Structures are given as C-alpha cells and as structure tokens.
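Here's the structure, in structure tokens; my notes come after.
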Amino acid sequence: MNKWFLGIDVGGTTVKMAFLDEEAVIHEKWEIKTDLTDGGSQIVADISNSVAKKMQTLNISAERLIAAGIGAPGYIDVKNGIIVEAVNVGWRDYPVSAELSNQLGIPVYADNDANLAAAGEKWKGAGDGAEELLAVTLGTGVGGGIIAENQIVHGFAGLAGEIGHITSVKEGGARCNCGKTGCLETVSSATGIVRLAEEALAQDTVSELQALKKEGEQVSAKDVFDAALNEDKLAVSVIETAMDHLGLALANLANSLNPERIVIGGGVSKAGEVLLDYIRPSFDRYTIPKISRETSLHIATLGNDAGVIGAAWLAKQNGLEEAGSR
4 MNKWFLGIDV GGTTVKMAFL DEEAVIHEKW EIKTDLTDGG SQIVADISNS VAKKMQTLNI
64 SAERLIAAGI GAPGYIDVKN GIIVEAVNVG WRDYPVSAEL SNQLGIPVYA DNDANLAAAG
124 EKWKGAGDGA EELLAVTLGT GVGGGIIAEN QIVHGFAGLA GEIGHITSVK EGGARCNCGK
184 TGCLETVSSA TGIVRLAEEA LAQDTVSELQ ALKKEGEQVS AKDVFDAALN EDKLAVSVIE
244 TAMDHLGLAL ANLANSLNPE RIVIGGGVSK AGEVLLDYIR PSFDRYTIPK ISRETSLHIA
304 TLGNDAGVIG AAWLAKQNGL EEAGSR
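Numbering of the sequence shown is given in this note's numbering, commencing with residue 4 and proceeding in unit increments.
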C-alpha cells in the first residue's frame, strides 16, 4: 500500500494542507480559513475535522496515513512539539503535536514554517538533490532555513535561520519589528524596498514611481522592480542598495556554512532571475573565491506549496523512522 503523509502549513489567514506520498507527489491539497478567535483554540479541531472529511471524500483508509507534519510561524520547541510563541495565530506554549496527534490518531511533528519551506524546496524544489542548503524568503520580512547533511539546523534554542535579523545597517538603521534597528529585513524585504523607495521619492528625485505617488497609490516592491527593468535610475539605485545588503548577508552565511545551493523565495522572488542578477555582484565580492565558484543561487520553484511539502517531508523523515523502531 502506498504510504501517505499529511503536510500542514498554518498561517494567519489560512491553513494549507496536502496529502503526499513518499516521492513528494501531491495527491490532494486544500485550505481552510484560520480561526483566530479565542487565541486560536479551535485551529487544531478545525484541521482534524477537515482532514477527516477529506479522507472520507477520497475514500482513504486510516492505515494509509502514516504521520503528519505541521509548520507555524514563530518559535517552536521542535523536540517536544510545542509552539512556544506564534503571534500571528495566538498560540503560546501550545502542545500542538500532542493535541493534533490525539485527534488524528497518528504521530505529528512540528517545526517553524520557514524551516519547512526550506525542507520543501530541498525535497522537491530548487534545492532537490542538495544536502547542504540555505533557503531565504523575501516577503514582508526576511525568513530563512538551513539544511545541513539533509537535516534542518535548529540551533541550541531552536532559533537558527533568523536571517532577517542579521544586523545590516550598523548606525542609523530603521527600526525592525523585533525591536532592534538596522536588521536585514528593514532593507531587503518587500517592506524594506518600499521604505527605501519612499525615502528616495521624498527627495523629489525624477522617477516614473512619482506618478503612482501623485495618484495617491501605494508603491509596491513589484512597482520598484518594474521601474528598474525600465532603467529608472531611482528604482535601480533602490534595488541595488537592497540587494547589496542581501548579497553581503548571504556571502557571510555562505562563508560560514558552505551550502551547495542558496534558494530565494517569497513574494520578492517573483521578480525572477533579474533578482539574482542584482544579488550576485555583492555575493561574489564578499565570498571567498571557492565559495563564490561552487555555491549556486536559485529562485524557489514551489511557491505556496513549499510549506506543506516541507511539512510532509518532516512527517516522512520522522514517521517512517518511528514506525521502523516499533
């Protein structure tokens, strides 16, 4: 019988779920609304009920489903399956693995959503085949995940991969949501790119982006990239600045970790290969020559499926091992 694994990606708006087999083939995927009422207390029950209905609809036997993996934003006690804090969904010191396992009747393993997105890209995306991988997500913030010897690196307190909070601007940097100033995500995230563009536009510099401002529209990171493609000098300068900071941070990480591949995802990565063209000069400048030659940069390929695929990978890695030890 073909073994299946359940991947779950909990976000502040939706909970994405999917059934995958051992070869990372998605047999079914769906999503439900995240119920944030009462501190997210109904989320696990909603997941369990949705999975049960889906299994009934697809006529899936309980024996086929081996294990589940669940990813959530925030700090995760991976060893004990406890969500220490996930502000976006209201969980604090919540034993999600035990609670969901009791309802589903299968082992459940938990990890940070950025780590699982990295695992997803490693299993079936742009990192497929790489044992050493660094994944970076450029969205509202900057997230990251580190894979070493085919395993997620968690660090002593489970906080490895907080790439967005590398200090990038030592003096006079913008304040980050973490409370510090000058974090990488204040300059290289979508939010950071918009902030840099707004600051430049306030100087009345000639730019096609000024038209958006005059029409009362909010400038987006996509707008800045589009303008840069049109050789708009202000936009090019903003993107060069943002990606120079990112290239330096990635170079320092590459010099320390020596990954085979660096995979860049998130909303900003929709700019495609042009994004890598902006990153490579500073990455090559700041890495030692052998690292520069042998570490390849890639755009993520899995999109919104990365989280559920990575969660299913977590379930497969741990679930098969646990089943074999019984």
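Every residue, glycine too, gets a C-beta built ideally from N, C-alpha and C.
For clarity, every value in this text was computed on a predicted model and none was experimentally measured.
Every beta strand (DSSP E) stretch that sits fully inside the region 143-182 and reaches 3 residues is listed by chain position as 145-151. Counting along the chain, Ala48 sits inside the alpha helix (DSSP H) bounded by residues 46-61. Just so you know, the alpha carbons of Val90 and Tyr78 end up roughly 9 Å apart. Residue range 264-268 is occupied by the beta strand (DSSP E) that includes Gly268, with no alpha helix (DSSP H) assigned at that position. From the listed residues Glu134, Ile73, Asn118, Ser171, the smallest Cα separation to Ser104 is found for Ile73. The continuous beta strand (DSSP E) containing Val13 extends over residues 7-13. Fewer than three Cβ pairs drawn from the region 277-296 and the region 5-20 lie within less than 8 Å of each other, which leaves the two stretches out of contact.
Asn261 and Thr244 have their C-alpha atoms some 25 Å from each other. Residues of the same chain with a CB within less than 6 Å of the CB of Lys19, apart from the 5 flanking positions on each side, are Asp12, Glu34, Val311 in chain order. Under the criterion of beta carbons closer than 8 Å, Ala238 and Ser259 do not qualify as touching, at roughly 32 Å. Counting only unbroken stretches of 4 or more residues, the alpha helix (DSSP H) elements lying wholly within the region 84-123 are 99-107, in sequence order. Beta-bridge annotation (DSSP): Ile29 is paired with Leu23. The continuous stretches of alpha helix (DSSP H) do not include Asp80, which lies in the beta strand (DSSP E) extending over residues 78-80. Cβ contact annotation for Gly148 (same chain, cutoff 6 Å, sequence separation greater than five): Ala117, Asn118, Ala121, Ala138, Gly164, in chain order. DSSP places Val209 in no alpha helix (DSSP H); its state is neither H nor E. Judged by beta-carbon spacing, Ala230 lies beyond the 8 Å limit of Ala71, meaning their Cβ atoms are not closer than that value. For Thr140, the enclosing beta strand (DSSP E) has its first and last residue at 136-141. In the DSSP assignment, the residues bridged to Gly72 are Gly10, Tyr112. Relative to Asn115, the option among Gly146, Cys179, Ala133, Gln106 whose CA is nearest is Gly146. Per DSSP, the beta bridge partners of Ser299 are Arg264.
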